[in-house]
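Here's the structure, in structure tokens; my notes come after.
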Ligand SMILES: Nc1ncnc2c1ncn2[C@@H]1O[C@H](COP(=O)(O)OP(=O)(O)O)[C@@H](O)[C@H]1O
Ligand SMILES: [Mg+2]
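Residue numbers (our numbering): 1362 to 1688.
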């Protein structure tokens, strides 16, 4: 039995069009899946299908070995969700909101009070635990929503736009919290977001959706390998590279491209073995080399490259892209 997430041809149609078309993917237990794409891509639809609050028209899913369409109640006892709009009761205090959610979930007993206090502290809500949620900031609401999603210590966590509407500091706080949740006893996390930002570094796998279609899926590093030849690297020369220095670098075997950067030059090389030769030639030419380091693409780089290639190929005759956008 697969105790992560598996979907096979998962499809949901809405009167207005496709919500999600033919989604097939697999996420191992304990992994973080980033579900990416612009507004209307189908991220929220996917989360709702996986958590069994929406039924598919075709295909199926298994989460923790359960079919969300037929075993939704059983599944939701083991999953937590932060919905796009956290749906808190403004009249209640933070603590009361958690008590209310616990009661609905049937979590009772003497340990509940302590659990709630612990979660409020962990999510930085201890100080305003007993004030009405009405005056809370977006960041505080997200943190409270996160705390609520964890009341029953779920094995799978669905987070829909956990950082939308947050300022940079609040974003960093929430991303750090999510990172800490991901490392706790093999919890599987689905992170749906149209804004990558720092959330990118949490993802083991990424799925890019566009108008309901899965356009790319895999480990960010594998997708990057398919998108680009070789490796990007930066040479730190303490200042923008001179024309002479750029010529020296360009002449090294295995250097595909070289461009000046504020600190020196950015190059694309066949592999990391090329870098020592680059350094040797530069030093030979009298250049001060402070560092030469590979710069692996971030998940954000991968996402934007996929989007750019899709945009570039839109409207063109249907010729196969020789570089091959991964599907
Ligand atoms: N309840 C619904 N009724 C009708 N259309 C819907 C409903 N939910 C989503 N859709 C449509 O499905 C598509 C995907 O929406 P959604 O999953 O919310 O995208 P995302 O979360 O990526 O922004 C959109 O075109 C949206 O209008
Ligand atoms: Mg959404």
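Don't be surprised by glycine CBs; every beta carbon is placed ideally from N, CA and C.
Of the residues the options, the one placed nearest residue i, counting alpha carbons only
i, options, result
"residue 1502", "1366, 1453, 1378, 1373", "1453"
"residue 1608", "1625, 1477, 1510, 1592", "1625"
"residue 1578", "1395, 1490, 1381", "1395"
"residue 1444", "1507, 1561, 1455", "1507"
"residue 1612", "1532, 1640, 1623, 1529", "1640"
"residue 1716", "1616, 1667, 1488, 1638", "Any answer about residue 1716 is impossible in this case: the structure gives the chain only from 1362 up to 1688."
DSSP-derived helix/strand/coil call for residue i
i, result
"residue 1578", "strand"
"residue 1484", "coil"
"residue 1556", "coil"
"residue 1637", "helix"
"residue 1420", "strand"
"residue 1374", "strand"
"residue 1584", "helix"
"residue 1673", "helix"
"residue 1644", "helix"
"residue 1506", "helix"
"residue 1632", "coil"
"residue 1427", "strand"
"residue 1369", "strand"
"residue 1468", "coil"
Residue j beta carbon less than 8 Å from that of residue i
i, j, result
"residue 1393", "residue 1582", "no"
"residue 1440", "residue 1515", "yes"
"residue 1505", "residue 1449", "yes"
"residue 1653", "residue 1602", "no"
"residue 1527", "residue 1535", "yes"
"residue 1565", "residue 1580", "yes"
"residue 1436", "residue 1373", "no"
"residue 1480", "residue 1520", "no"
"residue 1525", "residue 1484", "no"
Residue i classed as buried or exposed, judged by whether at least 16 other C-beta atoms fall within 10 angstroms
i, result
"residue 1370", "exposed"
"residue 1469", "exposed"
"residue 1522", "buried"
"residue 1366", "buried"
"residue 1689", "Outside the modelled stretch of the chain, which goes from 1362 to 1688, sits residue 1689, for which no answer is possible."
"residue 1550", "buried"
"residue 1665", "exposed"
"residue 1375", "exposed"
"residue 1471", "exposed"
"residue 1465", "exposed"
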